[in-house]
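In this note's numbering, the protein residues as written are 49 to 208.
#1: Let me make sure I understand the geometry here. Which of 62, 175, 53 and 145 has the alpha-carbon closest to that of residue 154?
#2: Measuring only the C-alpha atoms, how far is residue 122 from residue 114?
#3: If you reduce the DSSP assignment to three classes, tell me which class residue 143 lands in.
#4: Leaving out five residues on either side along the sequence, give the residues of the same chain with a beta carbon under 7 Å from the beta carbon of residue 150.
#5: Within the same chain, show all residues whose beta-carbon is closer than 7 Å to that of residue 47, passing over the 5 residues directly before and after it, in chain order.
#6: Could you check whether residue 133 and residue 171 sit closer than 8 Å to each other, using their CB atoms as the reference points?
#7: Between the beta-carbon of residue 124 and the beta-carbon of residue 188, is there less than 8 Å?
#8: With residue 119 and residue 190 assumed to form a contact (beta carbons below 8 Å), what rounded beta-carbon distance in angstroms separates them?
#9: Counting only runs of 3+ residues fully inside the segment 100 to 177, write out the beta strand (DSSP E) ranges in chain order.
#10: Looking only at its chain, what residues have a beta carbon closer than 6 Å to the beta carbon of residue 64, apart from the 5 residues adjacent to it on each side?
#11: Indicate whether residue 112 and residue 139 have their beta-carbon atoms separated by less than 8 Å.
#12: Please name the residue in 142, 147, 192 and 196 whose C-alpha comes closest to that of residue 159.
#13: If you draw a straight line from the C-alpha of residue 62 to the C-alpha of residue 69, how long is it?
#14: Please return the same chain residues whose Cβ sits closer than 8 Å to the Cβ of residue 146, not counting the five positions on each side in sequence.
#15: Taking the Cβ atom as the reference point for each residue, do residue 157 and residue 131 lie within a distance shorter than 8 Å?
#16: Should residue 98 go down as buried or exposed, given a rule of 16 or more other Cβ atoms within 10 Å for buried?
The structure is reproduced here in structure tokens:
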């Protein structure tokens with residue numbers, strides 16, 4: 049008893065289709081659909097909204113009281129319906145040399161972290177980006193209240 053080439057091709061195609069459809073369906077249900085954490089009121093009281101749209105580069109946030117430039121990198125995701133966001137804050141200390149001065153990983157909507165000399169970051173909302181089968185680092189919006197000694201860059205959108 050031999051298996052015909054046409055039957056083998058049909059089996060291979062069926063396996064490939066299932067290998068694509070199952071993860072694609074899971075990714076869309078778990079990360080994209082509207083059943084994620086609902087926004088009830090404003091999670092933030094910060095003065096500015098920060099959202100990084102170019103995930104490849106950090107954005108210039110402002111200047112510390114000692115004159116060093118501060119950069120922030122932001123990512124977000126929705127995992128099993130929960131919004132979470134992460135950020136890192138670095139200061140330029142020399143030509144192309146950055147020191148990490150603060151970070152938070154997987155903050156949930158409404159959580160706040162204060163970075164001394166910079167200010168307080170509160171996660172407002174997060175969204176996942178999906179490419180093929182897996183969620184990739186997405187976008188998040190943080191409310192930001194600068195420290196009184198911190199000089200803001202002029203790109204931030206005023207929140208209130």
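Every residue gets a Cβ at the ideal spot worked out from N, C-alpha and C, and that includes glycine. The structure presented is a predicted model; accordingly, all values stated were derived computationally and were not measured.
Reading from the atomic positions:
#1: 175
#2: 24 Å
#3: coil
#4: 137, 163 and 166
#5: The requested residue 47 is not part of the displayed model; the chain covers only 49 to 208.
#6: yes
#7: yes
#8: Not quite, the Cβ-Cβ distance comes to about 14 Å (not below 8 Å), so this is no contact.
#9: 107 to 111, 117 to 127, 130 to 142, 145 to 156 and 160 to 163
#10: none
#11: yes
#12: 192
#13: 10 Å
#14: 119, 138, 139 and 140
#15: yes
#16: buried
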